[in-house]
């Protein structure tokens with residue numbers, strides 16, 4: 395069973411922050427607009443690299459579908475950023491950001507040393523400062539979604555018992571693990587079911603936000619490298 399927040403954190407890879415074009419970029423173009431916000435080709439490229447980095451995938455594994463998903467994530471991210479600005483939601487603390495960066499760092503062999511960590515960042519065209527900004531927004535938006543959706547979710551005892559008997563126990567038997575009492579795992583099951591509900595509600599919320607927004611894309615002939 396996943397720890398608290400792991401399910402929705404996995405889904406919310408869409409929170410890869412868009413960054414300004416680097417000073418060395420001479421040519422750039424608009425690939426999408428979200429209401430009054432523009433998304434540049436360079437921002438799309440950066441998002442592709444960042445998503446590969448936090449997923450622990452090498453850049454040569456990135457496919458066309460991953461690039462398209464990264465652009466969709468940038469659009470959804472901007473819609474949620476608008477919600478965050480209008481709600482006055484507090485920003486992530488430095489401790490929260492540092493904790494999330496440490497989770498990412500553990501994915502890379504040799505990153506325990508500073509030299510190894512910097513080498514990993516360099517392979518994806520990232521700096522530590524850029525990573526901190528991206529992760530800060532990710533944590534901000536995760537907090538916004540949690541504050542907005544969690545209060546509307548009720549997980550009853552019947553749902554918990556159903557998951558325990560139909561999902562957890564069969565998995566334990568299959569793996570040969572020792573059976574655990576329902577009372578012992580109830581809090582974890584409740585949180586898991588809550589995260590699942592939040593994911594479903596987030597999809598519906600983003601669909602509503604998209605329906606009420608002016609969004610256009612122009613990616614013909616463009617593929618982030």
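Residue numbers (my numbering): 395 to 619.
All C-beta atoms in this analysis are idealised placements derived from N, C-alpha and C, irrespective of residue type, glycine included.
Since the structure is predicted, the reported quantities are computational estimates derived from the model, not experimental observations.
Give me the Cα-Cα distance between residue 509 and residue 499, rounded to the nearest whole angstrom. Working through the chain shown from its first residue, we reach residue 509 at position 115. Working through the chain shown from its first residue, we reach residue 499 at position 105. Each residue's Cα considered, the two are about 12 Å apart.
With DSSP as the reference, please indicate the residues paired to residue 426 in a beta bridge. Here residue 426 refers to the residue found at position 32 when the chain shown is read from its first residue. For residue 426, which the question treats as bridged, DSSP gives the partners 433, 611.
Same chain only: Cβ atoms within 8 Å of residue 491, ignoring 5 sequence neighbours per side: Residue numbering aside, residue 491 sits at position 97 when the chain shown is read from its first letter. For residue 491, where only same-chain residues beyond five positions count, the Cβ hits under 8 Å are 526, 529, 530, 533.
With DSSP as the reference, label residue 533 as helix, strand or coil. Here residue 533 refers to the residue found at position 139 when the chain shown is read from its first residue. Helix.
Beta carbon of residue 427 nearer than 8 Å to that of residue 610: As a position in the chain shown, residue 427 is number 33, starting the count at 1. As a position in the chain shown, residue 610 is number 216, starting the count at 1. Yes, the pair counts as a contact, with Cβ atoms nearer than the cut-off.
Sequence ranges, beta strand (DSSP E) only - wholly within the region 436-488, length at least 3: Counting only runs that start and end inside the region 436-488, there is no beta strand (DSSP E) element of at least 3 residues.
According to DSSP, is residue 558 helix, strand or coil? To locate residue 558, count along the chain shown from 1; it is residue 164. Residue 558 falls in the helix class under three-state DSSP.
With a threshold of 8 Å, are at least 3 pairs of Cβ atoms found where one atom belongs to the region 440-450 and the other to the region 462-472? Yes: at least three Cβ pairs fall under 8 Å.
I'd like to know whether the C-beta atoms of residue 518 and residue 446 end up nearer to each other than 8 Å. As a working note, residue 518 is residue 124 in the chain shown. As a working note, residue 446 is residue 52 in the chain shown. Yes, Cβ-Cβ distance for residue 518 and residue 446 is below 8 Å.
Does residue 551 pass the burial test, meaning 16 or more other C-beta atoms within 10 Å, or should it be called exposed? Position 157 of the chain shown, counted from the start, is the residue given in the question as residue 551. By the 10 Å Cβ count, residue 551 comes out exposed.
Residue from 539, 592, 562 with nearest C-alpha to residue 578: Residue numbering aside, residue 578 sits at position 184 when the chain shown is read from its first letter. Nearest C-alpha to residue 578: 562.
Would you check if the distance between the CB atom of residue 473 and the CB atom of residue 607 is smaller than 8 Å? Mapped onto the chain shown, residue 473 falls at position 79. Mapped onto the chain shown, residue 607 falls at position 213. Their beta carbons are under 8 Å apart, which means residue 473 touches residue 607 by this criterion.
Do residue 587 and residue 549 have their C-beta atoms closer together than 8 Å? Along the chain shown, read from residue 1 onward, the residue named residue 587 stands at position 193. Along the chain shown, read from residue 1 onward, the residue named residue 549 stands at position 155. Judged by beta-carbon spacing, residue 549 lies within the 8 Å limit of residue 587, meaning their Cβ atoms are closer than that value.
Could you have a look at residue 501 and say whether DSSP puts it in helix, strand or coil? Position 107 of the chain shown holds residue 501. Note: residue 501 maps to coil in three-state DSSP.
Looking at C-alpha atoms only, which residue of 453, 504, 475, 437 is the closest neighbour of residue 539? Residue 539 sits at position 145 when you count from the first residue of the chain shown. Of 453, 504, 475, 437, the smallest CA-CA separation from residue 539 is found for 475.
From 449, 521, 589, 513, pick the residue whose C-alpha is nearest to that of residue 501; which is it? What you label residue 501 is simply residue 107 of the chain shown in a count that begins at 1. It is 449 whose Cα lies nearest to the Cα of residue 501.
Cβ neighbour criterion (16 or more within 10 Å) applied to residue 437: For this step, residue 437 is matched to residue 43 along the chain shown. Classification of residue 437: buried, given that the 10 Å Cβ count is 16 or more.
Please determine whether the Cβ atom of residue 553 lies at a distance below 7 Å from any heavy atom of the ligand FMN. The ligand content of the structure shown is nil, which means the ligand FMN is not present either.
What's the call for residue 424, buried or exposed, on a 16-neighbour Cβ count within 10 Å? As a first step, residue 424 is located in the chain shown; it is residue number 30 there, counting from the start. By the neighbour-count rule (16 or more Cβ atoms within 10 Å), residue 424 is not buried but exposed.
Restricting to Cα atoms, I'd like to know which of 581, 455, 546 is closest to residue 555. Against the chain shown, residue 555 aligns to sequence position 161. Among 581, 455, 546, the Cα nearest to that of residue 555 belongs to 581.
Quick check on residue 589: buried or exposed, where buried means 16 or more other Cβ atoms within 10 Å of its Cβ? Against the chain shown, residue 589 aligns to sequence position 195. Burial of residue 589 is indicated by the presence of at least 16 other C-beta atoms within 10 angstroms of its C-beta.
Quick one: residues in its chain with C-beta nearer than 6 Å to the C-beta of residue 416, no 5 flanking neighbours on either side, listed in chain order? Position 22 of the chain shown, counting from 1, holds the residue named residue 416. Note that residue 416 scores a pLDDT of 48, beneath 50, so its modelled location is shaky; the value from the coordinates is reported in the next line. So the list is empty, once near-sequence residues are dropped.
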